[in-house]
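Protein chains in written order, with the working numbering: chain W, 1 to 108; chain Z, 1001 to 1238.
Okay, structure coming up:
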């Protein structure tokens, strides 16, 4: 059971902290020029962080208690491949979902 | 005239982030359900989602609170999961840093994985957008996401029953992100950045407080930047 006081402390501090993290550059740096070396690194933020976020979930899904799962891995590969080939987000999502559910059904 | 382009930028943002509707509904519902199961009432659950507005961090905090983890550790862990938001903030700054402060504060509040990835890929593709157009586009991109995050947190909290595991909703997020990132691999440097980040993320998966993600992200960014420099020195097209 979570204590009410603890819960509210966490909600409020986590809210302030999360906003702080989101505001730290957009808000505080604002229009000031950032150095070239930093901009050069920031260009790769999305293509580095998001695959890093996804990779462990593909290899060791929480839903299977971390056991490698063929439907999930195949769905990830299909999504990425269709996304690369078509540059179309919706096609990629639907192909990935179809692969996941198809294989879960077949191997289920 | 400006109003027209701003409006169409806003509308385009809505259209471009609409695929995420399919993701955010199950994700928000799941949070509502799990929060209720953890003993939070509807008000607490809603305030949690509205104040923190970060799915992964909320799930982390909820999980740790149930295990009676000390408050400080709960906060550090959940914020560590959210450190990527600071990186998103930095990455968005060159594009929207010139906007008025209140708009930047609003954009900061709604900076989530989905709005970030939709926004930054558009800003990269179309460097000629004006700052007001970018802000309008960004607000458009959050329009289908953030209200649904609130509404379906509420639905989950009210329904309160477990979503069947056979729906495999855990995998909605990886699929959506992979689909979003794929069109962003425009240069060899982007590919190197992603592959490096993936390898480091897998090697660093055991690092506590989700710091493996941050290490992997930084490694990927360095690899991308170095590849870009290498191609520049060779004089080859990027």
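Just so you know, even glycine gets a beta-carbon here, dropped at the ideal spot from N, CA and C.
Note that the coordinates shown come from a computational prediction; the quantities given were computed from them, not determined experimentally.
Does the beta carbon of residue 79 of chain W fall short of 7 angstroms from some heavy atom of the ligand ATP?
This structure lacks the ligand ATP, and indeed carries no ligand of any kind.
Does the Cβ of residue 1043 of chain Z have 16 or more other Cβ atoms within 10 Å, making it buried, or fewer, making it exposed?
exposed
Could you tell me which chain W residues have their CB closer than 9 angstroms to the CB of residue 1013 of chain Z, listed as they occur along the chain?
Correct list: empty, because the minimum Cβ distance to chain W is about 14 angstroms.
How would you write the range of the alpha helix (DSSP H) that residue 1067 of chain Z sits in, first residue to last?
Residue 1067 of chain Z -> no alpha helix (DSSP H), and no H or E assigned at all.
Where does residue 31 of chain W sit, in a helix, a strand or coil, going by DSSP?
coil
Note down, in chain order, every chain W residue with its Cβ under 7 angstroms from the Cβ of residue 1228 of chain Z.
40
When you check each C-beta in the stretch 65–83 of chain W against every C-beta of chain Z, which residues fall closer than 7 angstroms?
72, 75, 76, 79, 80 and 83
Residue-chain proximity (residue 15 of chain W, chain Z), Cβ-Cβ < 8 angstroms
yes
Is residue 1111 of chain Z close to chain W? Criterion is C-beta to C-beta, closer than 8 angstroms.
yes
How far does the alpha helix (DSSP H) with residue 69 of chain W in it extend, from its first residue to its last?
No alpha helix (DSSP H) holds residue 69 of chain W; DSSP gives it neither H nor E.
Note the first and the last residue of the continuous alpha helix (DSSP H) segment covering residue 1104 of chain Z.
1101–1109
So does the stretch 1064–1076 of chain Z actually touch the stretch 31–47 of chain W, counting three or more Cβ pairs closer than 8 angstroms?
no
Counting only runs that start and end within the stretch 1117–1173 of chain Z, where is the beta strand (DSSP E) found for 3 or more residues in a row?
none
Taking 8 angstroms as the CB-CB limit, is residue 107 of chain W close to chain Z?
no
For residue 1170 of chain Z, decide whether its Cβ has a neighbour in chain W, counting only Cβ atoms nearer than 8 angstroms.
yes
Distance, residue 76 of chain W Cα to residue 1001 of chain Z Cα:
The predicted position of residue 1001 of chain Z is uncertain, since its pLDDT is 43 and thus under 50; a value taken from the coordinates is nonetheless stated next. C-alpha separation (whole angstroms): 43 angstroms.
Considering only the alpha carbon of each residue, which of Z:1061, Z:1007, Z:1073 and Z:1180 lies closest to residue 1016 of chain Z?
Z:1180
Contact list for residue 35 of chain W against chain Z, beta-carbon separation under 8 angstroms:
Those do not exist, as residue 35 of chain W stays about 11 angstroms from chain Z at its closest Cβ, beyond 8 angstroms.
What do you reckon, are the CB atoms on residue 14 of chain W and residue 1079 of chain Z nearer than 8 angstroms?
yes
Among Z:1160, Z:1221 and Z:1177, which has the Cα closest to the Cα of residue 1037 of chain Z?
Z:1160
Where does residue 1038 of chain Z sit, in a helix, a strand or coil, going by DSSP?
coil
So is residue 1238 of chain Z buried or exposed if we call it buried at 16+ other beta carbons inside 10 Å?
Reliability of the predicted coordinates at residue 1238 of chain Z is poor, the pLDDT of 47 falling under 50, and the value obtained from them is presented with this limitation in mind. Exposed, because fewer than 16 other Cβ atoms sit within 10 Å of the Cβ of residue 1238 of chain Z.
List the residues of chain W that residue 1073 of chain Z touches, going by C-beta distances under 7 angstroms, in chain order.
Correct list: empty, because the minimum Cβ distance to chain W is about 11 angstroms.
Nearest chain W C-beta to residue 1177 of chain Z closer than 8 angstroms, yes or no?
yes
Which of the three DSSP states is assigned to residue 51 of chain W in this structure?
helix
Work out the CA separation of residue 38 of chain W and residue 1220 of chain Z for me, nearest whole Å.
14 angstroms
Taking Cβ positions, are residue 1115 of chain Z and residue 1183 of chain Z nearer each other than 8 angstroms?
no
Local conformation of residue 91 of chain W per DSSP, three classes:
helix
Using beta carbons (cut-off 8 angstroms, strictly below), is residue 1157 of chain Z in contact with chain W?
no
Just checking: is the beta-carbon of residue 1029 of chain Z within a distance shorter than 8 angstroms of some beta-carbon in chain W?
no
Ends of the alpha helix (DSSP H) at residue 1227 of chain Z?
1211–1234
In terms of alpha-carbon separation, which member of Z:1229, Z:1235, Z:1185 and Z:1233 lies closest to residue 51 of chain W?
Z:1185
Against chain W, with Cβ distances strictly below 8 angstroms, would residue 1238 of chain Z count as a contact?
With a pLDDT of 47 at residue 1238 of chain Z, under the threshold of 50, the modelled position of that residue is not reliable, and no figure is offered here.
Is there contact here, the stretch 52–65 of chain W with the stretch 1138–1146 of chain Z, by at least three beta-carbon pairs under 8 angstroms?
no
Looking only at its own chain, which residues have a Cβ that is under 7 angstroms from the Cβ of residue 1224 of chain Z, when we skip the five neighbours before and after it?
1189, 1190, 1192 and 1193
Answer with buried or exposed for residue 1024 of chain Z, where buried requires no fewer than 16 other C-beta atoms within 10 angstroms of its C-beta.
buried
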